[in-house]
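Here the working numbering is used: the first residue of the sequence shown is 5, the next is one more, and so on. Where is the CB? At the ideal position from N, CA and C, for every residue including glycine. Please read these numbers as outputs of a predicted model, since none were measured by experiment. Notes follow once the structure below has been shown.
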Amino acid sequence: MPISQIDEQDTDARIKMNALIDAVNGLPAKATLAEARAGADDGTFVTPAGMEAHHANRLANQGQTNEGTNETHAVTPARLSQYVTNRLGNLNKGAVGLGEVNNTSDADKPISTATAAALAGKAPATHTHPAIAIADSTPAGRTLITGANAAAQRTALGLGTAAMAASSDFAPATHSHTAIAISDSTPAGRTLITAANAGAQRVALGLGTAAFAASADFAPATHSHTAIAISDSTPAGRTLITAANAGAQRIALGLGSAAMTEASVYATAAQGAKADSAIQPGNAALTDAREWTGATVTQAEAEAGIATTRRAWSAERVRQAAAAVVAPEVAARTELAGVMASAGSAEPGLAPSLFTSSLTGKGAATAPIGIGVEAASDIYGTVWRLAGADFAGPFFDAAPRRDMPIRDGRIYRVRMALERQTDPVDPLSDGVELRVQNLNKNHAHLSNVRIGGAHAVTVEGGPLEVAFTMSRNPPDGVTVDYEPPTTTRYSRPHFRIYGGAPQVVDLAFIEVEDVTVEELLLARLSRSESVAIADLAIAPAAFEPGQPGVRPLLTWRLEGSAEVDTLVLTAPGEGSVTLAKDAETYTASAAVTADRTYTLTVTDTLGRTQSRSATVALQDRFYWGTTDDPASADGAEIAAFVESALGDARQRTLTWPNPSGKYVAYAYPANWGAPSLMSALGPITFDMRTVSVTNAYGHTEDYRLISLEERQFGASATITVE
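So this is what it looks like as structure tokens:
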């Protein structure tokens, strides 16, 4: 048997094989292990005696007999294989007590019949069941464990989105809310549910004591009374309301038929009184010629026209008064007319040669306008048309070539007109000005003055036509638009036109007229107007308790042209003070400590009076601002609120810009009364308590502090207290 076929698990065979190998190893020429296994006869050999001896030693403990000889023979592998076969031929599993063993792998080894029978009734260690195999499951339970996802399982359980929230997202089963948390509540409703008791709720509802009574305590809505039931009626009164008709009522009142006649048929009591005091028929005064027996106005008084004492007038004195007014006017008009006549037409379109751009020197010596053409205007007829492209500079002046003489006390009216046919690029900047060039006795420059503002004349806006009055040392009582310097002897009114192309301007006229007579007559007529007090003001208008040294300043203005006779100011504690006739201010002579009313009375020379009054009031200060804690805010914090003012009533609407997460608060004196209504934007409730506040002057008083119960955020907060 080849060595390679010997079972490695056969211990005895291995022992014998090792012995053979050891014997072979002792030969000078030994066979290789491969040769021994193959059993080839390749000429190699071993010593049988040595191998047998070695084998005997190895098998001594097993009772084996060494049958080998000690002879030395050459042993070929074939012979050795035969030897091993002979020696090991009977070695098998029965020889070693393993007759029931066969050569199978662990995976192929069978199990016993008993084990197979026991395992046949068992499920595999790893196995599954469908939901229906759960013996005690219900359809509802199987729906849950077979649900595709959590949403399907919540649907199977009938759960809404609330089931996904944490318990902290919900109010406890037992909880409460403040009134402000009622989202659709109103301030009025919250006042009811937060009222301390039923009495406070009735007050909030505006209910009186009648609300306590039962309906049986009152008369039905529809009911009646007999006359006798009117507790304060008299027999005479009851007779009137129970009379059968108007005739019976008139009889009860003792009225005759006159009572049935319209009142307009009879004279009034006032008319009767006048009739009684009137001249009665037959009085000689109605037939006798009567003449004024008082003193007649003197010629000097008539010509001066300033006396206010009542006098009799004659026709002569009237003529003298008129002549005194008209005579100088006629002379002045004659002079001005001569000047204007020598100047020619006042319309540049008719006589452009009589107009110039030069403003100094004698007018006749100046050069005529060198640009422009004659044109026709729908409004003014013939005009002189100027094109802006022809202007030599940033503006163009157009004035008469004759100078207007200026006399002391004379009043002149200047009228000027032009229109634009094409607007400049910028009508506002390229405006038109009405100006006056003032000249001295040598026709040299004194001043150049603009009358009024610049005018943005446009085609669409229509013509510019302006009139103004001017006078050097105007008469008393006359007001003019412009007074030239006292050294002015001549004036040259003119247009100043700004801008260039593409504008086109039409000059219509520049007219001057002496209106001294008209203005003086108007001034004299205005003297008959009564004087009036205007713009009476007092400062300060109010002051605080404890504030020292308050002496109000009164200011006013007198209107009208009547002559003032007296101006008197009166006030409690200060008496009456006669002021200068032209006075316009008065400072109180003593400090005020309470409300005080000042009355100003003006009387003119005709005995007509007018009075006006102004009052300085003692008032408390109210405060509003923000606080971190209205429950602990004291008087010092309230007095330091950023906003405060003087007043005398609690009713107001207040706004806090940017409250910055603080509580807004309003404090007013408690003596102004409790609020009847408090409101703010949104469902907000208020807190109110009393705090003692000391003002800046040491005066201490109780205040009501009203605040919102929640901190305010956002751009602003507003509350209304009534």
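Quiz prompt | Own chain partners of D608 with C-beta closer than 7 Å, once the 5 adjacent residues on each side are dropped | solution = So the qualifying residues of the chain are S534, V535, A566, E567, V568 and D569.
Quiz item: Shortest alpha-carbon distance to E423 belongs to which of G465, T313 and I410?
Solution: For the residues G465, T313 and I410, the minimum Cα distance to E423 belongs to G465.
Quiz item: Which one of V418, A169, Q425 and N107 has the shortest CA to CA distance from D510?
Solution: Q425 is the residue among V418, A169, Q425 and N107 whose C-alpha sits nearest the C-alpha of D510.
Quiz item: Taking just the CA atoms, how far does A380 sit from P356?
Solution: If you take the alpha carbons of P356 and A380, they lie about 14 Å apart.
Self-check item: Continuous alpha helix (DSSP H) stretch holding V207: start and end
Solution: Here the alpha helix (DSSP H) through V207 covers A202 to L209.
Quiz item: What three-state label does DSSP hand P497 in the structure shown?
Solution: Of the three classes helix, strand and coil, the one that applies to P497 here is strand, per DSSP.
Quiz item: Are G151 and A160 closer than 8 Å when you measure CB to CB?
Solution: With respect to the 8 Å criterion, G151 and A160 are classified as neighbours on the basis of their beta carbons.
Quiz prompt | Spatial neighbours of V453 in its chain, beta-carbon cut-off 6 Å, leaving aside the 5 residues before and after | solution = Result list for V453: V440, in chain order.
Quiz item: What distance in whole Å lies between the Cβ atoms of T631 and A684, which are believed to be in contact at a cut-off of 8 Å?
Solution: With a Cβ gap of about 16 Å, A684 and T631 do not count as contacting.
Quiz prompt | Coil, strand or helix - P239 by DSSP | solution = Three-state result, P239: helix.
Quiz item: Between M408, V596 and A669, which lies nearest to D518 when the distance is taken from Cα to Cα?
Solution: The shortest C-alpha to C-alpha distance from D518 to any of M408, V596 and A669 is the one to M408.
Practice problem: Can you tell me which of the three DSSP states L363 falls into? | Solution: Correct three-state label for L363: coil.
Quiz item: Straight-line CA distance for T147 to A120?
Solution: Distance between the alpha carbons of T147 and A120: 39 Å.
Quiz item: How about L558 and L540: are their beta carbons less than 8 Å apart?
Solution: Contact check for L558 against L540 passes: the beta carbons are separated by less than 8 Å.
Exercise. Identify, in the order they occur along the chain, each residue of the same chain with its Cβ nearer than 6 Å to the Cβ of T659, setting aside the five sequence neighbours on each side.
Key: Closer than 6 Å at Cβ, skipping near neighbours: S720 and T722.
Quiz item: Who are the near neighbours of L354 in its chain, counting only those whose CB is closer than 6 Å to its CB and skipping five residues on each side?
Solution: For L354, where only same-chain residues beyond five positions count, the Cβ hits under 6 Å are T386.
Quiz item: Going by other Cβ atoms of all chains shown within 10 Å of its Cβ, with 16 needed for buried, is W560 buried or exposed?
Solution: Burial is judged here by how many other beta carbons sit within 10 angstroms of a residue's own beta carbon; W560 has at least 16 and is buried.
Exercise. Output the distance between the C-alpha atoms of R3 and L604, rounded to the nearest integer angstrom.
Key: Residue 3 is absent from the model: the chain starts at 5 and stops at 726.
Quiz item: Who are the Cβ neighbours of L450 in its own chain at under 7 Å, not counting the five residues just before and after it?
Solution: The beta carbon of L450 is closer than 7 Å to those of N442, L443, N444, P489, T491 and T492 in its chain, skipping five residues each way along the sequence.
Practice problem: Identify, in the order they occur along the chain, each residue of the same chain with its Cβ nearer than 6 Å to the Cβ of E714, setting aside the five sequence neighbours on each side. | Solution: Cβ-Cβ distances below 6 Å link E714 to nothing in the same chain once the five nearest sequence neighbours on each side are left out.
Quiz item: Any idea what DSSP makes of N2, helix, strand or coil?
Solution: Outside the displayed span of the chain (5 to 726) sits residue 2, for which this structure offers no information.
Quiz item: Exposed or buried, which one is V725 when buried takes at least 16 other CB atoms within 10 Å?
Solution: By the 16-neighbour rule on beta-carbons within 10 angstroms, V725 is buried.
Exercise. To the nearest angstrom, report how far apart F359 and A402 are at their CA atoms.
Key: Rounded to the nearest angstrom, the gap between the Cα atoms of F359 and A402 is 7 Å.
Practice problem: Out of P398, S680, D652 and F400, point me to the one whose CA is closest to F626's CA. | Solution: The shortest C-alpha separation from F626 is found at D652.
Quiz item: Buried or exposed: which applies to T520, given that a residue is buried once 16 or more other Cβ atoms fall within 10 Å of its Cβ?
Solution: With 16 or more other Cβ atoms within 10 Å, it is buried.
Self-check item: Buried or exposed (CB count within 10 angstroms, at least 16 for buried), Q716
Solution: Counting the other CB atoms within 10 Å of its CB gives Q716 a total of 16 or more, which places it among the buried residues.
Quiz item: Taking A674 as the reference, which of E307, T694 and E641 has the closest Cα?
Solution: Residue T694 holds the alpha-carbon nearest to the alpha-carbon of A674 among E307, T694 and E641.
Self-check item: Runs of beta strand (DSSP E) lying entirely within the segment 87-145, each at least 3 residues, in chain order
Solution: Counting whole runs of 3 or more residues, the segment 87-145 contains no beta strand (DSSP E) stretch at all.
Quiz item: If L363 sits next to G376, beta carbons under 8 Å apart, how far is it from one beta carbon to the other, in whole angstroms?
Solution: With 8 Å as the limit, L363 and G376 do not qualify as a contact, their Cβ atoms being about 18 Å apart.
Practice problem: Answer with buried or exposed for P114, where buried requires no fewer than 16 other C-beta atoms within 10 angstroms of its C-beta. | Solution: Answer is exposed; the Cβ neighbour count stays below 16.
Practice problem: Pick out the complete beta strand (DSSP E) segments inside the segment 516-571, 3 residues or longer, and give them in chain order. | Solution: Contiguous beta strand (DSSP E) elements confined to the segment 516-571 occur at 536-543 and 557-563, taking only those with 3 or more residues.
Quiz item: Does the beta-carbon of Y494 have 16 or more other beta-carbons within 10 angstroms, so that it is buried, or is it exposed?
Solution: Result: buried.
Quiz item: What residues match up with W660 in a beta bridge as DSSP calls it?
Solution: Beta-bridge pairing links W660 to A721.
Self-check item: Beta carbon of F513 nearer than 8 Å to that of L438
Solution: No, these two residues do not count as a Cβ contact at 8 Å.
Self-check item: Contacts around V463, its chain only, beta-carbon distance under 6 Å, and the 5 residues preceding and following it disregarded
Solution: Excluding sequence positions up to five before and after V463, its CB lies within less than 6 Å of the CB of R424 and D427, all in the same chain and listed in chain order.
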